[in-house]
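Asks:
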Amino acid sequence: MKREPLGQATTPSATTEEFLPFSRPSISREAIEEVVACLESGWITTGPRTQRFEADLKTYLSAPHALALSSATAGLHLALLALDLKPGDEVITTPMTFAATLNTIVLAGGRPVLVDVEPHTYNMDATRLAHAITPRTRAIMPIHFAGLPVDLDAVYAIAQQHGLRVIEDAAHAIGTEYKGKRLGSFGDVQVFSFHPNKNMTTGEGGAITLRDDAMASRLGLLRFHGMDREAWDRFGKKGNQHYEIVMPGFKYNMMDIQAALGLHQLKALDGFIVRRTELAQRYQKLLQDWPQWTLPRAPAFAHRHAWHLFVPLINPDAAGMDRDAFMAGMKVRNIGTGLHYRAAHLYPYYRDNFGFKHGDFPVAETISDRIVSLPLFPGMTDADQDRVIDAMRDLFKKS
Ligand SMILES: Cc1ncc(COP(=O)(O)O)c(C=O)c1O
């Protein structure tokens with residue numbers, strides 16, 4: 109069935125001649141007009157549209173506080189800085205994540221401690237968490253991989269038992285629900301990404317949601333130079349030009365140009381997730397009997413998967429090729445794929461500075477060698493998806 113991209117996407121759906129990317133944002137005419145209106149308004153950095161976007165995020169997520177930021181990396185960094193880590197303090201996460209998760213732990217002065225993941229969800233294996241806790245542990249950072257929630261009850265139970273904060277890396281997971289509750293509406297801290305390949309985008313951008321009032325005030329200062337009043341409050345009609353610096357801060361604010369896009373992306377998000385879910389379920393159905401693939405599996409607890417990524421594992425023996433050869437073969441056939449992610453503990457920096465080595469996290473390492481992200485985006489048609497399957501059939505010489 110041929111489908112129009114949701115929200116009247118500006119980019120046409122791929123034909124057989126075109127390269128089919130693994131991801132492509134759907135940007136509505138209204139969003140483009142809002143960005144133009146922002147550009148014409150005379151106020152393009154943090155201001156009224158960012159304030160509206162934060163209010164809309166709070167409503168959508170039922171979150172007590174939401175701060176719009178320049179990226180999710182900025183959000184992770186701020187959340188970790190709020191822990192006031194001392195040398196040797198540890199933060200627990202997993203190797204199946206983007207480098208930003210581990211990098212920000214180090215940049216905030218902490219030591220990353222890793223636990224292995226579950227083989228079919230790629231999420232933190234909560235049964236291994238208790239063994240990783242030491243007197244130096246300060247926080248747990250689970251990743252809701254591909255938009256599938258981690259078993260948060262298990263993670264928060266351990267955190268409460270040991271007095272630890274939980275910082276959820278929800279970069280993949282805006283719109284994800286755990287046991288009927290949307291991420292952001294409960295728990296300590298969540299960090300979302302609005303990078304262009306995520307479920308909604310602001311170009312680059314991110315947001316942090318949290319419950320703690322004092323922490324929210326502190327992060328609000330840290331996000332913008334430690335200034336007690338942002339520019340919009342100073343240069344507006346009722347503003348006062350003076351400000352005080354109450355702590356040294358960063359430049360992690362979101363611009364109104366970004367928020368203009370975000371206001372409309374957020375409205376479209378649930379529709380995007382519906383289409384992503386249809387495509388993911390269709391992949392599951394079309395590929396279920398292929399020996400070349402091990403497909404991702406859902407956990408037993410109730411959840412809504414946001415389907416940021418569809419990430420099967422290639423079975424190299426049955427496929428007659430490894431993951432990298434598969435990706436190269438698909439590219440030749442005009443199909444883009446993605447690699448999310450290679451296990452982070454094996455990057456040179458982490459091996460050299462924290463002593464991680466091959467064999468430390470065997471489940472993550474197997475996934476790291478075999479994982480591949482197939483094309484998945486809301487404007488993708490069933491015909492586009494059929495092209496992906498046909499290209500695979502050709503590549504695997506499958507009849
Ligand atoms: C798991 C995870 N955490 C953090 C990030 C960082 O997000 P951003 O690019 O918005 O800084 C990403 C981005 O891909 C991610 O996948």
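All residue numbers for the sequence shown refer to the working numbering, where the first residue is 109 and numbers rise by one. Quick reminder that beta carbons are idealized off the backbone N, C-alpha and C, glycines included.
Should residue 251 be counted as a contact of ligand 1 given a C-beta to heavy atom distance under 7 Å?
Replies: Yes, ligand 1 has a heavy atom inside 7 Å of this Cβ.
Asks: Is the distance from the Cβ of residue 330 to the Cβ of residue 324 below 8 Å?
Replies: In this structure, residue 324 does not lie closer than 8 Å to residue 330 by Cβ.
Asks: Determine, using beta carbons only, whether residue 404 and residue 259 come nearer to each other than 8 Å.
Replies: Against a cut-off of 8 Å, the Cβ pair of residue 259 and residue 404 comes out as no contact.
Asks: Can you check whether the CB of residue 445 is closer than 8 Å to the CB of residue 421?
Replies: Contact: no.
Asks: I want to know whether the segment 371 to 388 touches the segment 281 to 288 - three or more CB-CB distances under 8 Å.
Replies: Flag = yes, the segment 371 to 388 and the segment 281 to 288 touch.
Asks: Please confirm whether residue 203 and residue 452 have their CB atoms less than 8 Å apart.
Replies: Against a cut-off of 8 Å, the Cβ pair of residue 452 and residue 203 comes out as a contact.
Asks: Residue 353 by DSSP, collapsed to three states: which one?
Replies: Strand at residue 353.
Asks: Roughly how many angstroms lie between the CA atoms of residue 277 and residue 425, to the nearest whole one?
Replies: Whole-angstrom Cα-Cα distance: 34 Å.
Asks: Quick one: what's got a C-beta closer than 7 Å to residue 400's C-beta in the same chain, skipping five residues either side?
Replies: Only 422, 423, 426, 427 and 504 meet the Cβ criterion.
Asks: Check whether the segment 386 to 398 touches the segment 488 to 500, taking contact to mean three or more Cβ pairs, one atom from each stretch, closer than 8 Å.
Replies: The segment 386 to 398, when compared against the segment 488 to 500, does touch it at the 8 Å Cβ threshold.
Asks: Note down the Cα distance separating residue 252 from residue 349, rounded to an integer number of angstroms.
Replies: Going from the Cα of residue 252 to the Cα of residue 349 covers about 42 Å.
Asks: Hey, out of 440, 470 and 311, whose CA is closest to residue 139's CA?
Replies: Of 440, 470 and 311, the residue nearest in Cα terms is 311.
Asks: By the three-class DSSP mapping on this structure, what secondary structure does residue 220 have?
Replies: Reduced to three states, the DSSP call for residue 220 is strand.
Asks: Should residue 303 be listed as close to ligand 1, given that the test is whether its C-beta is under 7 Å from any heavy atom?
Replies: At least one heavy atom of ligand 1 is nearer than 7 Å to the Cβ of residue 303, so yes.
Asks: Taking DSSP's pairing of strands, which residues face residue 201 in a bridge?
Replies: Per DSSP, 222.
Asks: Mapping DSSP to helix, strand and coil, what is residue 323?
Replies: Of the three classes helix, strand and coil, the one that applies to residue 323 here is helix, per DSSP.
Asks: Whole angstroms is fine: what's the gap from residue 227's alpha carbon to residue 434's?
Replies: C-alpha separation (whole angstroms): 21 Å.
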